[in-house]
Amino acid sequence: MASIDAHALAQSGVEALSRGDPRKARESFEGIVAAGLADVATWLGLAYACRSLKDYSAAQAAVDKALALEPRNLRALILKADHFAAEGDERAASSFYMAAVKAAPPAEKLPPDLRHELGRAQAMCERYAAQFETYLRDRLIAKGLVEAPSTARFRRSFDILVGKRKVYYQQPHYYYFPELPQIQFYDRDDFPWLDKVEAATADIRAELDEVLKDPSRFKPYVQGDPRRPTYDPNGMLNNHDWRAFYLWQEGNVVPANAARWPMPRSPV
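Residue numbering for the sequence shown follows my numbering, beginning at 413 and increasing consecutively.
Structure (C-alpha cells):
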C-alpha cells in the first residue's frame with residue numbers, strides 16, 4: 413500500500429471519529445495497521461474507535477502499541493489511565509494520570525481538547541490522593557499514631573507522603589558542610605535564649621528607632637567588588653532599597669554599629 417493511501421485512510425479514520433462513526437474509523441485505522449504503516453496517531457485513533465465500540469481489549473492493545481512507540485504520549489497515558497480507572501485499579505490509574513500530568517508541557521502549548529483532558533487527569537490525581545490520605549489516616553488514627561503529641565515528626569512524614577508537605581534540603585551556594593542535620597524548623601526548646609531576646613523586644617525596637625534616624629549607617633546588602641565580574645540579574649547590586657545595618661559583618665563585630673545598638677547582642 414502506498415504511503416498516500418495510508419494518509420487517505422488516516423484522514424478517513426479521523427473524519428469518521430469526528431462524525432461519530434467509530435466502526436468506519438476502526439476499519440480505516442486497521443487498514444493502516446495491516447499495511448505495516450501504523451504510527452502513534454494510527455494506534456491512538458484505533459484505540460479511540462475501539463473504545464467507542466466498547467471493545468476494551470482491542471482498545472488497550474492499541475494504546476499499548478502507541479506507548480511502545482512513544483512512552484510519554486499524553487493521550488495514550490490518559491487512555492491507559494482511564495482503562496485502569498474503569499477496572500477499579502485506582503493505584504494503576506493514578507500512576508498513569510500522574511505520568512501524563514508530569515509529562516505535559518505548559519497548558520498554552522496544548523490544543524484545547526488535550527488541555528481539558530489533562531485537567532481531568534489532574535482532577536483524578538487529586539481525587540485518588542485524597543482517597544489514599546483518608547484510607548491511611550483512618551488506619552493510623554485507629555492505632556493512635558496521628559494525634560499523639562509525641563508523634564509530631566511522624567505526622568510530618570505523613571504529610572510528606574500524601575504530598576501536603578515539601579522536603580527542604582540544604583542548598584548552600586558556596587560552602588557545603590556535610591552531615592549537618594536536615595531540619596526544616598528547629599524546636600524552640602533548642603534555643604533557651606529566645607525568651608531573653610523576646611523580653612527585650614521593646615528595648616531593641618527603641619534602639620532601632622534611633623538607628624533609623626541616620627540612614628547613612630545602612631549599606632546595600634549586596635555590594636559590588638571591582639575584583640569580581642558584575643552579575644546582577646535581580647537588581648540587588650548596590651541597591652539602596654535593600655540595605656543592612658551590620659552588627660556583625662563577615663564574621664566580625666562592627667564596633668561602631670554595635671555601640672549604637674547594643675540590645676540585640678546582649679540577650680544572646
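We put the CB at the ideal spot given by N, CA and C, even for glycine.
If you check the CB distance, Leu456 and Val445 do not come in under 8 Å. Comparing alpha-carbon positions, the option among Gln596, Lys576, Arg577 and Val574 lying closest to Gln583 turns out to be Gln596. Between Val623 and Arg672, the gap from beta carbon to beta carbon is short of 8 Å. Beta-bridge partners of Leu530 (DSSP): none assigned. Between Lys436 and Ala428, the C-beta gap is smaller than 8 Å, which places the two residues in contact.
Counting only the Cα atoms, Met510 lies some 18 Å from Ala480. Per DSSP, Gly432 lies in no alpha helix (DSSP H) segment and is marked neither H nor E.
If the five residues before and after Glu529 are omitted, its C-beta is found closer than 6 Å to the C-beta atoms of Ile490, all from its own chain and listed in chain order. Cys537 is the residue among Glu520, Glu545 and Cys537 whose C-alpha sits nearest the C-alpha of Asp494. Between Asn646 and Pro632, the C-beta gap is not smaller than 8 Å, which leaves the two residues out of contact. Between Cys462 and Ala453, the CB-CB gap reaches or exceeds 8 Å. Each of Ser430, Pro641 and Ala418 was checked against the Cα of Phe441, and the nearest Cα belongs to Ala418. For the pair Ala488 and Phe496, the CB atoms are not nearer than the 8 Å cut-off. Partner residues in the beta bridge of Trp660, as assigned by DSSP, are Val665. Shortest Cα-Cα distance from Arg484 to any of Ala471, Asp451, Ala498 and Ala515 involves Ala515. Nearest to Ile616 by C-alpha distance, out of Tyr586, Leu659 and Asp653, is Leu659.
Secondary-structure assignment with DSSP links Arg655 through a beta bridge to Pro632. Rounded to the nearest angstrom, the Cβ distance from Glu502 to Tyr540 is 6 Å, consistent with a contact under 8 Å.
If only uninterrupted alpha helix (DSSP H) runs of at least 4 residues are considered, those enclosed by the segment 554 to 588 are 564 to 573. Taking every protein chain shown into account, the CB of Pro627 has fewer than 16 other CB atoms within 10 angstroms, so this residue is exposed. 8 Å or more divides the Cβ of Gly443 from the Cβ of Leu465. Within the same chain, Cβ atoms closer than 7 Å to the Cβ of Tyr580 are found at Gln596, the five residues on either side in sequence being excluded. For Leu489, the enclosing alpha helix (DSSP H) begins and ends at Leu486 to Glu499. Straight-line spacing of the CA atoms in Asp602 and Phe508 works out to 44 Å.
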